[in-house]
Amino acid sequence: MKKQKFDSLYALLLIVAVWYLLYFSIDSAIISSPTAVIKVFTANFGREILPHLLMSFYRITAAVAISLILGVSIGLLTGMHPKIDRYLAPLIYLLYPIPKIAFLPVFMLLFGLGDLSKIILLIVIVIFQIIVTTRDGVRSIDSKYFASARSLGMDRLDIYRHLVLPAVFPGILTALRITIGTSIAVLFFAENFAVRYGIGYYIMNSWSMVNYLKMYSGIIAVSLLGYFLFKGIDLLEDKFCSWQKLSDKKA
Numbered sequence: 001m002k003k004q005k006f007d008s009l010y011a012l013l014l015i016v017a018v019w020y021l022l023y024f025s026i027d028s029a030i031i032s033s034p035t036a037v038i039k040v041f042t043a044n045f046g047r048e049i050l051p052h053l054l055m056s057f058y059r060i061t062a063a064v065a066i067s068l069i070l071g072v073s074i075g076l077l078t079g080m081h082p083k084i085d086r087y088l089a090p091l092i093y094l095l096y097p098i099p100k101i102a103f104l105p106v107f108m109l110l111f112g113l114g115d116l117s118k119i120i121l122l123i124v125i126v127i128f129q130i131i132v133t134t135r136d137g138v139r140s141i142d143s144k145y146f147a148s149a150r151s152l153g154m155d156r157l158d159i160y161r162h163l164v165l166p167a168v169f170p171g172i173l174t175a176l177r178i179t180i181g182t183s184i185a186v187l188f189f190a191e192n193f194a195v196r197y198g199i200g201y202y203i204m205n206s207w208s209m210v211n212y213l214k215m216y217s218g219i220i221a222v223s224l225l226g227y228f229l230f231k232g233i234d235l236l237e238d239k240f241c242s243w244q245k246l247s248d249k250k251a
């Protein structure tokens with residue numbers, strides 16, 4: 001834990017140092033002073049930034065929760081039943097590579113201009129990665145483990161609970177780490193359409209008003225949003241995948 005805190009502090013100091021280097025090297029109002037930005041950030045956090053940040057956090061966490069429930073269920077279904085996978089796999093392979101941001105106008109027409117269209121867009125981005133990761137994780141489990149589980153008298157529910165889910169959960173968390181970064185980027189774009197709250201809206205509104213201090217404050221807020229989401233995934237990994245870290249240490 002101490003090492004992780006040191007690594008986070010090291011990364012923060014490195015970013016601030018590079019920021020100061022750019023500030024002193026580039027004579028432009030576009031590159032604001034880190035000190036001035038931090039002062040604006042702390043002064044406006046509770047009153048201005050926090051409501052936008054909480055709205056973005058709500059949209060992402062709602063999308064991730066729904067994607068986990070649906071994606072893991074479909075992934076387990078296709079991984080455990082090859083006949084079902086034979087029919088679903090072509091659909092997944094056709095839809096997965098499509099840039100999902102292209103569907104934003106469609107979702108806004110179908111589901112309105114509010115939160116629902118943004119959440120559905122994020123679900124479409126996250127869920128395919130979860131499905132594919134879960135399915136491939138199930139397929140990678142050696143058949144002898146299933147035979148051993150059945151010989152111990154485990155029913156289907158016990159096999160899912162004690163064998164399949166522990167085997168695929170680390171991969172699911174890795175998939176979440178990959179997709180969350182993309183989700184934040186897409187949400188930043190989506191929050192510029194027909195919304196009044198969201199950290200993407202806050203950044204672009206500050207930019208349009210040529211208030212660069214607030215704009216950079218919003219960028220700091222986005223980085224904090226991503227940081228705490230990743231830390232949340234780390235906590236899930238520590239709680240539900242502690243056996244993996246023990247096996248890594250022994251290796």
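Mapping to the UniProt record's numbering: the sequence shown position 244 is 244, numbers consecutive.
For every residue, glycine included, the Cβ atom is placed at its ideal position computed from N, Cα and C.
These figures come from a predicted structure and were not determined experimentally.
Residue from the options whose Cα sits closest to the Cα of residue i
i	options	result
Lys100	Thr174, Leu236, Phe230, Ala185	Ala185
Asp234	Tyr96, Asp115, Ala175	Ala175
Ser208	Ile30, Ile26, Tyr20, Tyr10	Ile30
Val168	Pro34, Gly75, Val37	Gly75
For residue j and residue i, the rounded distance between their alpha carbons
i	j	result
Glu191	Lys239	33 Å
Val222	Phe45	12 Å
Ser56	Ile15	24 Å
Leu113	Ser28	37 Å
Ile38	Gly218	11 Å
Leu95	Ala43	45 Å
First and last residue of the uninterrupted alpha helix (DSSP H) at residue i
i	result
Phe240	212-240
Ala29	It is not in any alpha helix (DSSP H) - Ala29 carries neither H nor E in the DSSP assignment.
Asn75	Note that residue 75 is Gly in the sequence shown here, rather than Asn. 50-80 is the span of the alpha helix (DSSP H), which, as asked, contains Gly75.
Arg139	115-139
Val195	Careful: Val195 lies outside any alpha helix (DSSP H) and carries neither H nor E.
Phe146	143-151
Phe45	Here Phe45 belongs to no alpha helix (DSSP H), and DSSP marks it neither H nor E.
Met108	104-111
Buried versus exposed call for residue i [16 or more other C-beta atoms within 10 Å across all chains shown]
i	result
Asp85	buried
Thr179	buried
Tyr202	buried
Tyr227	exposed
residue 252	Summary: the structure shown does not reach residue 252, with the chain confined to residues 1 through 251, and so no result is reported for it.
Thr78	buried
Tyr145	exposed
Tyr216	buried
Phe24	exposed
Gly181	exposed
Arg47	exposed
Residue i Cβ short of 7 Å to the ligand FAD heavy atom set
i	result
Ser148	The model depicted lacks the ligand FAD and carries no ligand whatsoever.
Just to confirm the assignment: which complete beta strand (DSSP E) runs, minimum length 3, are found wholly within the region 153-182? Correct list: empty.
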